[in-house]
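> Okay, here's the structure, questions in a sec.
There are 2 protein chains.
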Amino acid sequence: MLNKFKETGERYKLLKELTEVAKVESALLKGARKFFEKNKYTEVVVPHLTRATGSCENMNTLFEVDYFGKRAFLSQTGQLYLESLIPELKKVWCIGPSFRAEPKADSRHLTEFPLIELEFNGNFNELLDGIEKLIMSMIKEILHDNGIKIVDKKRLSKINAPFKRITYSEAIGELKEFGMKWGDDLKNIHEKYLVKKFGNQPLFITHFPIEMKFFNMKRNESNPNIVNSADLILPMGGEAVGAAEREFKYEDVMKRLKKSQMFRQLLKLGGGIEDFKWYLNFLKEMGNVPHAGCGIGLNRVTQFILGVDDIRASTVYPLNSETLM
Amino acid sequence: MLNKFKETGERYKLLKELTEVAKVESALLKGARKFFEKNKYTEVVVPHLTRATGSCENMNTLFEVDYFGKRAFLSQTGQLYLESLIPELKKVWCIGPSFRAEPKADSRHLTEFPLIELEFNGNFNELLDGIEKLIMSMIKEILHDNGIKIVDKKRLSKINAPFKRITYSEAIGELKEFGMKWGDDLKNIHEKYLVKKFGNQPLFITHFPIEMKFFNMKRNESNPNIVNSADLILPMGGEAVGAAEREFKYEDVMKRLKKSQMFRQLLKLGGGIEDFKWYLNFLKEMGNVPHAGCGIGLNRVTQFILGVDDIRASTVYPLNSETLM
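Structural data, given as structure tokens:
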């Protein structure tokens, strides 16, 4: 029903349905924040108009803004800004809009969505444990909220941590019939197949090829071709969380940045190493400590909670290339 | 100290100071959310790429974005989007970035800051009471947080509700020596004078001239020249909250919109009534109930809490026309 009105300007007609969705989003955000409070994280206010340091892997989906004659981007992540406070604060988080200039207006894509982000002074296993606790805190909030009527709470009450964990290599092994080989990126169809195969529960896929991922994801100690990263795949929602241990030594980060796909895109856009100046100087002058973090796309979690295939049904006012209001 | 580094790209050098500011911002946001939880408000996810319905009074400070060939703005307020859920949810809130294309890089202006917004089905007096409780909840969180060291808690512990309330007309009466007459806008220097005059405590100024304010602020029942609006002025921070009862009947809103200064600016920008189509259609078709709301600029509250004159000292990464990073 909620994906019927492509023109967001008419969604007010669905007031009763929007109300139920708003309650679910509100409870999920509350559940996430309870995790942060319980575990003594500090909230950080990060900028949403940035240079390249607000970008994710794919610089082709950045919205540009004329910023008093300079070029600015609408940020996609606050990760590097959060990281800069790790040496003192140890555990930090933010929730804010993440922007993607994605022209497709379909069941999978939004141009703006809330991204829940955390960084903390922990290792890879502590990161996966933390993500499980955070997701379970969000689910718990839904289960305990008597005002929420549209969720199948019986189905949700069967979700338990720890979540199943398989490596990217194992995932590829399971996907031979799709003609997938090591180094290929997992698409939505593959994620759906894997989630179903492993019992329709949240599924971690870990240790992706280094070529594929963000430049500061930490290279694995025993296999230089992979990084200590994880994607969390949810039934209905697909890839909901991207997570990794981070490189934190100046020389390592600099080397990885210069070799990254992202940096090649940045050069094409007329940018260069000076776009990362503050972050690199911070690492060189102040240093950082071992840490890890993740970003959780709220709408993907909401899809999972609501059991809806269409991302436009996961929020009150979904924004895509056709729904500006 | 924190306003020394004009180039935000070098602020990481002040890591220890930034850490203390982050703790204060985090506690203030937590205190605000405690008010919302306690009073059973629902959080709503609002868009930050919008048409004119994401704009405040002054359309000259909108950042423009090329949105797949259409013109979009970076939003300044989620107010109208929040209002559209009042008929069912009654009490709603959001906290998100508010963007202002303000070229001045000085002690008063930021191009992005977190705006705490609420709308609820109450009247003007209930609104002022609510704002007092919200601000006091923010202060309480600071006072109870033992990790916060840079705040003069003794000074803060003397702040008590209810806050002093004077009308705009009374304020003008106090400002004769400045040559102010009825209809003139209050500037920072006037606000400072009034706050000092009334004991260096938070000060409500109410019932502003209708010409001066946002088109859907409710016209006063007994004096058609003023609206049921309030600004909260804080020592050091200045105008921290803009608040009002809202017009909610389609015909009244339409009439006020067409006569507003904002609408004249919109026409100059090549826009028109179609930019408000969804909001006007919502009022016409669904109707709304009496309600009121406000927006609280976080940095102005933080200035008050920290006792700092310069807004650049009120946040970790202040964004103005010179500090893009």
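Taken in sequence, the protein lines are chains V and Y. All residue numbers for the first sequence refer to the numbering used here, where the first residue is 1 and numbers rise by one. All residue numbers for the second sequence refer to the numbering used here, where the first residue is 1 and numbers rise by one. Every residue, glycine too, gets a C-beta built ideally from N, C-alpha and C.
Please check the pair Ile226(Y) and Ile210(Y), which I expect to be a contact at CB under 8 Å, by giving their CB distance rounded to whole angstroms.
The residue you call residue 226(Y) lines up with position 226 of the second sequence. The residue you call residue 210(Y) lines up with position 210 of the second sequence. So it is a contact: roughly 6 Å between Cβ atoms.
> Can you tell me which of Phe120(Y), Asn299(Y), Phe208(Y), Ser222(Y) puts its alpha carbon nearest to the alpha carbon of Gly237(Y)?
For this step, residue 237(Y) is matched to residue 237 along the second sequence. Checked all of Phe120(Y), Asn299(Y), Phe208(Y), Ser222(Y); the closest Cα to Gly237(Y) is Asn299(Y).
> On the criterion of 16 or more Cβ atoms from any shown chain inside 10 Å, does Asp185(Y) qualify as buried, or is it exposed?
Position 185 of the second sequence holds residue 185(Y). Label assigned to Asp185(Y): exposed.
> Would you call the stretch 14 to 27 of chain V in contact with the stretch 147 to 159 of chain V, where contact means no fewer than 3 C-beta pairs closer than 8 Å?
Touching, per the Cβ criterion.
> Starting from Ser252(V), trace the beta strand (DSSP E) in both directions and tell me its first and last residue.
For the purposes of this step, residue 252(V) is identified with residue 252 of the first sequence, where counting begins at 1. Rather than Ser, the amino acid found at residue 252(V) in this sequence is Asp. Here Asp252(V) belongs to no beta strand (DSSP E); instead the alpha helix (DSSP H) covers 250 to 259.
> Counting only beta-carbon atoms, is Trp93(V) nearer than 7 Å to chain Y?
The residue labelled residue 93(V) in the question sits at position 93 within the first sequence. Judged by the 7 Å Cβ criterion, Trp93(V) is not in contact with chain Y.
> Given a cut-off of 7 Å on the beta-carbon distance, is the pair Asn220(Y) and Glu247(Y) in contact?
Here residue 220(Y) is taken as the residue at index 220 of the second sequence, counted from 1. Here residue 247(Y) is taken as the residue at index 247 of the second sequence, counted from 1. Not in contact: Asn220(Y) and Glu247(Y) (Cβ atoms no closer than 7 Å).
> Using DSSP with H/G/I as helix, E/B as strand and the rest coil, what is Leu324(V)?
Within the first sequence, numbered from 1, the residue matching residue 324(V) stands at position 324. It is coil, neither helix nor strand.
> Express the C-alpha separation of Tyr67(V) and Arg11(Y) in angstroms, rounding to a whole number.
Position 11 of the second sequence, counting from 1, holds the residue named residue 11(Y). Position 67 of the first sequence, counting from 1, holds the residue named residue 67(V). Each residue's alpha carbon lies about 20 Å from the other.
> On the premise that His48(V) lies in contact with Ser75(V), defined as a C-beta separation below 8 Å, what is that separation, rounded to the nearest angstrom?
What you label residue 75(V) is simply residue 75 of the first sequence in a count that begins at 1. What you label residue 48(V) is simply residue 48 of the first sequence in a count that begins at 1. Confirmed, about 5 Å.
> By a C-beta neighbour count over all protein chains shown, 10 Å radius and 16 as the cutoff for buried, is Val289(Y) buried or exposed?
Taking the first residue of the second sequence as 1, we reach residue 289(Y) at position 289. By the neighbour-count rule (16 or more Cβ atoms within 10 Å), Val289(Y) is not buried but exposed.
> Check whether the stretch 103 to 120 of chain Y and the stretch 276 to 283 of chain Y are in contact - that is, three or more C-beta pairs closer than 8 Å.
The stretch 103 to 120 of chain Y is not in contact with the stretch 276 to 283 of chain Y.
> In the DSSP assignment, find the unbroken beta strand (DSSP E) run with Trp93(Y) in it and report its ends.
Numbered from 1 along the second sequence, position 93 holds the residue referred to as residue 93(Y). Taken as a continuous stretch (DSSP letters only), the beta strand (DSSP E) holding Trp93(Y) covers 91 to 99.
> Output needed for Met59(Y): all residues of its chain with C-beta closer than 8 Å, excluding positions within five of it in sequence on either side, in chain order.
Position 59 of the second sequence, counted from the start, is the residue given in the question as residue 59(Y). Within the same chain, Met59(Y) has close Cβ partners Ala52, Met262, Gln265, Leu266, Leu269.
> What residues in its chain sit with their C-beta under 8 Å from that of Pro87(Y), if we drop five residues either side in the sequence?
Here residue 87(Y) corresponds to residue number 87 of the second sequence, with the count starting at 1. Within the same chain, Pro87(Y) has close Cβ partners Met286, Gly287, Asn288, Val289.
> Can you name, in chain order, every residue of its own chain whose Cβ lies under 6 Å from the Cβ of Asn200(V), other than the five neighbours on each side?
As a position in the first sequence, residue 200(V) is number 200, starting the count at 1. Closer than 6 Å at the Cβ level, and outside the excluded window around Asn200(V), lie Pro235.
> Measuring CB to CB, does Phe73(Y) end up less than 7 Å from Leu62(Y)?
By one-based count along the second sequence, residue 73(Y) stands at place 73. By one-based count along the second sequence, residue 62(Y) stands at place 62. Closer than 7 Å, so yes.
> In chain V, which residues lie with their C-beta within 9 Å of the C-beta of Arg312(Y)?
Residue mapping note: residue 312(Y) aligns to position 312 of the second sequence, counting from 1. By Cβ distance, chain V contributes nothing, its closest Cβ being about 13 Å from Arg312(Y), past 9 Å.
> Can you name, in chain order, every residue of its own chain whose Cβ lies under 7 Å from the Cβ of Lys90(V), other than the five neighbours on each side?
Along the first sequence, read from residue 1 onward, the residue named residue 90(V) stands at position 90. So the list reads Phe120, Asn121, once near-sequence residues are dropped.
> Output yes if chain V places a C-beta closer than 7 Å to the C-beta of Trp278(Y); else output no.
Within the second sequence, the letter at position 278 stands for residue 278(Y). Yes, its Cβ sits closer than 7 Å to a Cβ of chain V.
> If you draw a straight line from the alpha carbon of Leu28(V) to that of Phe163(V), how long is it in whole angstroms?
As a working note, residue 28(V) is residue 28 in the first sequence. As a working note, residue 163(V) is residue 163 in the first sequence. If I take the Cα positions, the gap works out to 19 Å.
> Name, please, each residue of chain Y whose Cβ falls closer than 8 Å to the Cβ of Phe247(V).
Taking the first sequence and counting its residues from 1, one reaches residue 247(V) at position 247. Per the sequence shown, the amino acid found at residue 247(V) is Glu instead of Phe. None at all; the shortest Cβ gap to chain Y is about 17 Å.
> Does the beta-carbon distance from Tyr250(V) to Lys218(V) come in below 7 Å?
In the first sequence, counting from the first residue as 1, residue 250(V) sits at position 250. In the first sequence, counting from the first residue as 1, residue 218(V) sits at position 218. Their beta carbons are not under 7 Å apart, which means Tyr250(V) does not touch Lys218(V) by this criterion.
> Going by beta carbon distance, what residues of the same chain come within less than 6 Å of Ser137(Y), once the five residues before and after it are set aside?
Counting from one through the second sequence, the residue named residue 137(Y) turns up at place 137. Cβ within range, chain order: Gly31, Lys34, Phe35.
> Alpha carbons only, please: which of Arg165(V), Ser314(V), Val301(V), Leu18(V) is nearest the one belonging to Leu156(V)?
By 1-based counting over the first sequence, the position of residue 156(V) is 156. For the residues Arg165(V), Ser314(V), Val301(V), Leu18(V), the minimum Cα distance to Leu156(V) belongs to Val301(V).
> Using beta-carbon positions only, say whether Leu240(Y) and Cys294(Y) come within less than 7 Å of one another.
The residue you call residue 240(Y) lines up with position 240 of the second sequence. The residue you call residue 294(Y) lines up with position 294 of the second sequence. The question names Leu, but residue 240(Y) in the sequence shown is Ala. The answer is no: Cβ separation not under 7 Å.
> Rounded to whole angstroms, what's the CA-CA distance from Glu141(Y) to Ile131(Y)? Just pull it up for me.
Taking the first residue of the second sequence as 1, we reach residue 141(Y) at position 141. Taking the first residue of the second sequence as 1, we reach residue 131(Y) at position 131. The straight-line gap from Cα to Cα measures roughly 15 Å.
> Secondary structure at Glu43(V), three-state DSSP: helix, strand or coil?
Taking the first residue of the first sequence as 1, we reach residue 43(V) at position 43. Of the three classes helix, strand and coil, the one that applies to Glu43(V) here is strand, per DSSP.
> How would you write the range of the beta strand (DSSP E) that Lys70(Y) sits in, first residue to last?
If you number the second sequence from 1, residue 70(Y) lands on position 70. Counting along the chain, the beta strand (DSSP E) containing Lys70(Y) begins and ends at 70 to 74.
> Would Glu245(Y) and Ala171(Y) be called neighbours here (beta carbons separated by less than 7 Å)?
Within the second sequence, residue 245(Y) is the residue found at index 245, counting from 1. Within the second sequence, residue 171(Y) is the residue found at index 171, counting from 1. No.
> Quickly, what does DSSP pair Pro209(V) with across the bridge? List them, please.
Position 209 of the first sequence holds residue 209(V). Bridge partners of Pro209(V): Ile226(V).
> Taking Thr111(Y) as the reference, which of Lys40(V), Val308(V), Lys255(V), Val65(V) has the closest Cα?
Indexing the second sequence from 1 puts residue 111(Y) at position 111. Looking at the Cα atoms, Val65(V) is the closest of the given residues.
> Beta-carbon within less than 7 Å of Ala101(Y)'s beta-carbon, same chain only, minus the 5 sequence neighbours each way: which residues are those?
If you number the second sequence from 1, residue 101(Y) lands on position 101. Closer than 7 Å at the Cβ level, and outside the excluded window around Ala101(Y), lie Thr61, Leu62, Phe63, Thr111.
> Tell whether a beta-carbon distance below 7 Å holds between Ser229(Y) and Lys255(Y).
By one-based count along the second sequence, residue 229(Y) stands at place 229. By one-based count along the second sequence, residue 255(Y) stands at place 255. Contact: no.
> What's the C-alpha gap between Ser314(V) and Leu128(V)?
For the purposes of this step, residue 314(V) is taken as residue 314 along the first sequence, with counting starting at 1. For the purposes of this step, residue 128(V) is taken as residue 128 along the first sequence, with counting starting at 1. Distance between the alpha carbons of Ser314(V) and Leu128(V) is about 25 Å.
> Check Tyr67(V) in the structure and name its three-state DSSP category.
On the first sequence, position 67 is the one that residue 67(V) refers to. Note: Tyr67(V) maps to strand in three-state DSSP.
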